[in-house]
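If you read the sequence shown in the UniProt record's numbering, its first letter stands for residue 1, the second for the next number, and so on. Glycine included, each C-beta is placed from N, C-alpha and C at the ideal position. Computed from a predicted model, the values in this text were never measured in an experiment.
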Amino acid sequence: MSDFLSNFDKKNYKETVEKKKKPSSETAEKAPDNNPSIAAKAQSTHCREAANKQPAAEALETELPDDIGEAAANQHASNETDSREEVIEIDPDYQKKKRKKQLLITAGIAFGLIVVYAVYFAATRVDMPDFVKKQASEARQWAAANSMTLDIKQAYSVKGEVNDVLKQSVPAGKKVKKGTTITFTISNGADPDEQLPLPDFSKMTQSQAEDWIAKHKAENLTLIGEYNDQIEKGKFIRLDIANKEVSAEKYRRQDNANLYYSKGKEVFEKNISVPDFVEKAKTEVETWAKKNEIEMTYEEQDSDKVEAGMILAQGIKKDEKIAKRDKMTVTVSLGKAVIVPNFAEMNSADAATAVEGLTVHVKNVFSDSVAYGQLISQSVEAGKKLTDKDNKLVKVVYSEGQPYIRSYIGQLEGDIPKLIYDNFNSKGANVTFSVYYVDSSQERGAIVNMSVYNQYIYLDTHITFAISNGSHAGLPSGNTSSSQETDFQQ
């Protein structure tokens with residue numbers, strides 16, 4: 001290139017061009033003298049070279065400065081002259097290759113930009129997942145991992161579970177730029193204040209009731225299975241609403257209620273081994289029976305050998321197997337018993353201390369039919385055994401025979417009630433009395449006569465007493481007896 005540019009010096013430019021013209025012209029003159037075919041071939045080659053050099057010369061002319069450009073123009077003119085004389089080869093695909101190269105460069109640049117944008121797009125955007133029917137915690141984890149902002153709204157719904165995502169503001173599958181605010185509607189569960197009229201569960205099976213509860217999210221309506229000997233398995237037993245003022249028609253989801261369905265008759269396996277309870281405490285048996293749900297029957301019996309409250313015998317032998325709710329009987333000792341004697345075989349004086357451990361109350365009463373000293377009755381029959389659990393008090397009654405009334409003449413009227421009670425009525429008699437007043441020499445109020453005295457009487461005898469009014473008091477003592485008789489007759 002430096003050799004080529006040296007030709008364009010202003011001083012030697014014309015000389016250089018003229019020097020180059022001379023050999024060229026000489027060569028052109030000599031060529032026809034040689035071989036005509038060679039001359040033609042040279043002419044063709046010269047044309048192709050001229051065609052290839054022409055664009056290069058034009059481009060060079062455009063880029064060089066004015067002074068060099070002028071020289072280049074002159075050189076180009078000289079080259080055109082020389083091209084007629086030189087052999088030049090022309091490439092017909094040059095422009096096509098040039099355009100193809102430019103297109104490849106442009107396509108490479110465009111592809112690079114696309115790749116850069118794609119990388120940027122992929123780094124700043126993510127695919128929106130489908131969180132509907134999933135827990136809100138999953139959405140929060142995803143949002144934290146992808147720098148998203150969540151706007152949480154809550155709503156009641158019977159669909160799905162509590163904290164399930166009901167809706168999302170961005171559809172699933174859409175590209176979302178990081179940092180975007182996304183709204184999620186989260187389930188608060190079913191509305192507790194919603195009125196939920198209960199159906200007629202008596203017409204529904206247990207499985208139908210369970211489906212209804214699940215469908216309506218009636219979480220405070222508890223279905224309970226209960227063993228029942230009368231109602232078929234899976235059938236309705238009863239509905240209990242905690243608040244008695246709430247009816248089935250006005251039931252709300254927040255109201256507590258129990259729904260009972262039958263589990264049928266309970267059948268138990270005989271897998272409970274019976275211990276040896278003999279001479280063990282009754283309390284031990286009670287604890288075991290309660291733990292294993294055994295229906296225990298306790299019988300009682302006195303014993304001279306086994307202490308009270310201990311087991312004498314058991315209905316099922318030890319190590320035998322029984323099932324829950326089976327029945328069993330044990331006999332509990334009442335300790336040593338006291339046998340009640342026949343008090344007719346002893347008198348009233350000996351009865352009180354006849355038997356050790358027995359309290360005897362003795363009473364003597366009059367009797368129209370039982371002789372004196374004989375037993376009338378005893379409160380506990382002879383031969384009965386009394387233990388510590390029994391009342392060991394025995395009342396015995398002996399006969400005083402028929403009542404006998406003595407003379408109360410000379411005693412005062414005020415003594416009559418006490419005399420009647422102490423001598424008769426306190427001992428089982430029912431003696432009554434009455435008084436009347438007479439003129440008498442005895443002091444006022446003295447008994448001067450009786451309707452009955454100094455003789456046996458019946459238990460319900462009525463006695464009349466004559467009482468002095470004292471009108472003749474003070475008469476001589478020698479006339480007293482006749483005076484009394486006269487007054488009584490009057």
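- In the three-state reduction of the DSSP assignment, residue 443 falls in the coil class.
- Ranked by Cα distance from residue 219, the options 96, 249 and 162 are led by 162.
- In the structure shown, the three-state DSSP call for residue 464 is strand.
- Beta-bridge partners assigned by DSSP to residue 450: 465.
- Spatial neighbours of residue 266 in its own chain (CB-CB distance under 7 Å, excluding positions within 5 residues in sequence) are listed in chain order as 227.
- Proximity of the region 253-266 to the region 281-292 falls short of the contact definition, fewer than three beta-carbon pairs being nearer than 8 Å.
- Counted as a single uninterrupted DSSP element, the stretch harbouring residue 224 is not any alpha helix (DSSP H) but the beta strand (DSSP E) occupying residues 221-226.
- For residue 276, DSSP records no beta bridge to any residue.
- Exposure of residue 393 is indicated by the presence of fewer than 16 other C-beta atoms within 10 angstroms of its C-beta.
- In this structure residue 319 is in contact with residue 273, their Cβ atoms being roughly 6 Å apart against a cut-off of 8 Å.
- For residue 212, the CB contacts under 8 Å within the same chain, skipping 5 residues up- and downstream, are 199, 204 and 218 in chain order.
- The alpha-carbon separation between residue 405 and residue 447 amounts to approximately 15 Å.
- By the criterion of a C-beta distance shorter than 6 Å, residue 222 is surrounded in its chain by 258, once the five residues flanking it on both sides are discounted.
- For residue 243, the three-state secondary structure derived from DSSP is coil.
- Annotation: residue 90 is outside any alpha helix (DSSP H) and is labelled neither H nor E by DSSP.
- Look at residue 161 here: in three-state DSSP terms it is coil, with no helix or strand label.
- C-alpha of residue 463 to C-alpha of residue 438: approximately 16 Å in a straight line.
- In the pairwise beta carbon analysis, the region 182-194 is classified as touching the region 165-173: at least three pairs are separated by under 8 Å.
- Between residue 176 and residue 126, the C-beta spacing is below 7 Å.
- C-alpha of residue 97 to C-alpha of residue 124: approximately 40 Å in a straight line.
- Here DSSP, grouped into helix, strand and coil, assigns residue 106 to helix.
- Assigned with DSSP and collapsed to three states, residue 338 falls in strand.
- With fewer than 16 other Cβ atoms from the protein chains shown falling within 10 Å of its own Cβ, residue 298 counts as exposed.
- When DSSP reads this structure, residue 152 sits in a beta bridge with 184.
- With a cutoff of 7 Å on beta-carbon distance, residue 471 and residue 442 are scored as not near each other.
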